[in-house]
Amino acid sequence: MKQWDQRPFEIRNLFNPAFCGVVLFRAMQSYEEENSQGMPFSLALLVLPLCLQKDSRQVFADNPRRYLLKTIENNPKLLVNFANRVNNMLPFTLEAFGVLMERGCFVVTQDGRLKTVPKKVRKSVIGTEESISCQRVARYIGKEFARIADRVTVYTTFGIRP
Numbered sequence: 024m025k026q027w028d029q030r031p032f033e034i035r036n037l038f039n040p041a042f043c044g045v046v047l048f049r050a051m052q053s054y055e056e057e058n059s060q061g062m063p064f065s066l067a068l069l070v071l072p073l074c075l076q077k078d079s080r081q082v083f084a085d086n087p088r089r090y091l092l093k094t095i096e097n098n099p100k101l102l103v104n105f106a107n108r109v110n111n112m113l114p115f116t117l118e119a120f121g122v123l124m125e126r127g128c129f130v131v132t133q134d135g136r137l138k139t140v141p142k143k144v145r146k147s148v149i150g151t152e153e154s155i156s157c158q159r160v161a162r163y164i165g166k167e168f169a170r171i172a173d174r175v176t177v178y179t180t181f182g183i184r185p
């Protein structure tokens, strides 16, 4: 991972750790609405690749009432190169977790789940049209992960070995 000032302008804007942290927080928060135990760390690693990549985000934004598994079944193009995307996004995801942890926005439970801390991130979703879209899709992803309630099923659906 390059130092902040040595990263290209586009990377600094798109993968800003604070913004990525907000996207992760939205997913974890909506996961907790369905499952109060908190989001498993392994599922949180899939959030940014799904929310920040415009094509996949658009598919989910266009089908917000459809089950995640059905959406994936109807849009197999989402799976193309997904494992590599997750791998490439890992440093940015970890950096975003670092910002969230440093600000006290979540805690890690004894069983390794991530639970948000209330009143640490603004409830209202604001920003540009694209950033709002990322946050809304993150809420959808978090809720759907909780409904599926099985990490192996989620990973297998996306063609990643758990």
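Letter by letter, the sequence shown follows residues 24 to 185 of my numbering.
Backbone N, C-alpha and C define an ideal beta-carbon position, used for all residues, glycine too.
Remember, predicted model here, so these are calculated numbers, not experimental data.
| Check | Outcome |
| --- | --- |
| Beta-carbon gap between Phe115 and Met51 smaller than 8 Å | no |
| Spatial distance of Glu167 from Ala161 (CA atoms) | 10 Å |
| Cβ separation of Leu123 and Leu47, assumed to be a contact under 8 Å, to the nearest whole Å | 7 Å |
| The alpha helix (DSSP H) enclosing Lys77, as first and last residue numbers | 77 to 85 |
| Delimiting residues of the alpha helix (DSSP H) encompassing Val148 | Val148 -> no alpha helix (DSSP H), and no H or E assigned at all. |
| Among Arg174, Arg30, Gly127, nearest to Pro141 - alpha-carbon criterion | Gly127 |
| Spatial neighbours of Ile155 in its chain, beta-carbon cut-off 8 Å, leaving aside the 5 residues before and after | Val148, Ile149 |
| Rounded straight-line distance, which links the Cα of Arg174 to that of Pro99 | 19 Å |
| Buried/exposed call for Glu33, threshold 16 Cβ in 10 Å | exposed |
| From Lys143, Phe120, Ala169, residue whose alpha carbon lies closest to that of Gly61 | Ala169 |
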